[in-house]
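Take a look at the structure set out below.
Residue numbers (the numbering used here): 15 to 518.
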């Protein structure tokens, strides 16, 4: 979501970090470019101006220009300033849903993605925080709006308030409150009708709903692609309804991300979540440190650990580790690693979250490497017999021809896959033997929270420890904690040798 800004800032900091010493003029010139990059990313002018001032005050001091690595010091100062802009003076903490039944009011403009976001958030509360959630649609204007929420509720296994035709939004809100109290629900979510902020009738309606429900949280859902106008919308809604937080949707698009950077500074309201796709699990908490890390190309290891835990069962990981420690790595193992990579967002998704890998991810994209390569390799493995998967040494010329024909590919693709398998098998053997307890064991432990078991997803300390353990593993070139052994491979130089062909 911040790709262009990340690229621009990356270029500025590359030049800074390559210089041995920095003068005040060097820093000022770099910060001028930073300001232009922020404005191009659609960050509001006052925010960009204040940001550059804050960085300049800290970055032109003696401590920076005389330090051993002045460029790195400037990057750290920019990183800290970004966190301040994104988070504000204080951390908003968790959602206030401690007193059941806690009402959450969802408001926003037409077409911003309120109904989908309501379902995503309900799923998150149900699965991560083990809350009993009731959803109610108050949208009496849009055709099939209530039915849409009911269908989404069925998909995610969350109850929705039965539809009674002819009721007003306020009547539905009262019924939802009563049902949530009698049904023993922890949270009930009110999905209001989309409105224009100039529509006085609908604004009065949402105020009436607010007065009836007395929500613990009022979340404004804003389309991230609307840029600076998103900030104006938040200001308007806060003045008329009073909001406690913001959810930015469509942040997986090619929008420039300026709304996210300006939102907290201009409105004083925290961004609670960001929507990153259409699927029900495509909702992430907005963590200032992690977003700042992504913008500056430092990766987001915590998000990577979360993805790994969501897609990898503890028992399966334990089984894999035992096999790899014994030096066992056949085509079935390779297939499960490739499938794991796809589940975690593909090659670009994983590399975008790894420290220092953002540029590499873009280079791969430009060179034409994408996830079709992984799908082709899975197709080739599916084309093999059980015996061939368990023992790839059986694969002679005639078998290779049959496998290639079965997958609709060339024999050369089978050879690349075998070469990749050999290299990964050798790497797994080395990693299983090296060091105390084996490098692979340490990497897997890192991903599992250091104790051989999954860390608690709701415990920030446990998540941080898991992230640090995995980060140190990647830094040491282990890669065992990542599917496909990415960390230990020489990317992108070795890509062609590892079976990654170009797009056709």
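Just so you know, even glycine gets a beta-carbon here, dropped at the ideal spot from N, CA and C. Remember, predicted model here, so these are calculated numbers, not experimental data.
What's the C-alpha gap between residue 48 and residue 72? Straight across, the Cα-Cα distance linking residue 48 with residue 72 is about 15 angstroms.
Verify whether the separation of the beta carbon atoms of residue 282 and residue 262 is less than 8 angstroms. Cβ distance not < 8 angstroms, so residue 282 and residue 262 don't count as in contact.
Going by DSSP, what residues sit across from residue 23 in a beta bridge? Partner(s): none; residue 23 has no beta bridge.
Within 10 angstroms of the Cβ of residue 70, are there 16 or more other Cβ atoms? Answer buried if so, exposed if not. Residue 70 comes out buried.
Starting from residue 147 and walking both ways along the beta strand (DSSP E), at which residues does that stretch end? Taken as a continuous stretch (DSSP letters only), the beta strand (DSSP E) holding residue 147 covers 147-151.
Residue range of the alpha helix (DSSP H) that residue 220 falls in? Counted as a single uninterrupted DSSP element, the alpha helix (DSSP H) harbouring residue 220 occupies residues 214-227.
Helix, strand or coil, according to DSSP, for residue 272 in the structure here? In this structure, residue 272 counts as helix in the three-state DSSP scheme.
Can you check DSSP and say which residues form a bridge with residue 285? Its beta-bridge partners are 260.
Spell out a yes or no on whether the segment 177-186 and the segment 85-103 are touching, meaning 3 or more CB-CB pairs, one atom from each, closer than 8 angstroms. Judged by Cβ distances under 8 angstroms, the segment 177-186 makes no contact with the segment 85-103, as fewer than three pairs qualify.
Give the DSSP bridge partners of residue 173, in chain order. Per DSSP, the beta-bridge partners of residue 173 are 148.
Thinking just about the alpha-carbon of each residue, which of 21, 40, 22 is nearest to the one in residue 30? Checking every option, the nearest Cα to that of residue 30 belongs to 40.
In the DSSP assignment, what are the bridge partners of residue 299? As a beta-bridge residue in DSSP terms, residue 299 pairs with 287.
By DSSP's criteria, residue 237 is part of a beta bridge. Which residues make up the other side? DSSP lists 263 as partners of residue 237.
Can the beta-carbon of residue 153 be found less than 8 angstroms from the beta-carbon of residue 213? No, the Cβ-Cβ distance between residue 153 and residue 213 is not below 8 angstroms.
If we count the other Cβ atoms within 10 Å of its Cβ and call it buried at 16 or more, is residue 391 buried or exposed? The residue is buried, with at least 16 neighbouring Cβ atoms inside 10 Å.
Same chain, Cβ closer than 8 angstroms to residue 226, five either side skipped, listed in chain order: Answer for residue 226: 184, 187, 188, 191, listed in chain order.
Are the segment 125-141 and the segment 161-173 in contact at 8 angstroms, needing three or more beta carbon pairs? Verdict: yes, contact present.
Might you give, ordered along the chain, the residues of its own chain that have their beta carbon closer than 8 angstroms to the beta carbon of residue 221, omitting 5 neighbours on each side? A distance below 8 angstroms between beta-carbons, with the five flanking residues on each side excluded, links residue 221 to the following residues of its chain, in chain order: 254, 255.
Restricting to Cα atoms, I'd like to know which of 275, 291, 144 is closest to residue 284. Checking every option, the nearest Cα to that of residue 284 belongs to 275.
Out of curiosity, what's the CA-to-CA distance linking residue 113 and residue 120? Distance between the alpha carbons of residue 113 and residue 120 is about 18 angstroms.
From the DSSP output, which residues share a beta bridge with residue 120? Answer is 205, 233, bridged to residue 120.
DSSP three-state label for residue 57, please. Note: residue 57 maps to coil in three-state DSSP.
Pick out whichever of 403, 395, 420, 122 has its Cα sitting closest to the Cα of residue 246. The option with the nearest alpha carbon to residue 246 is 122.
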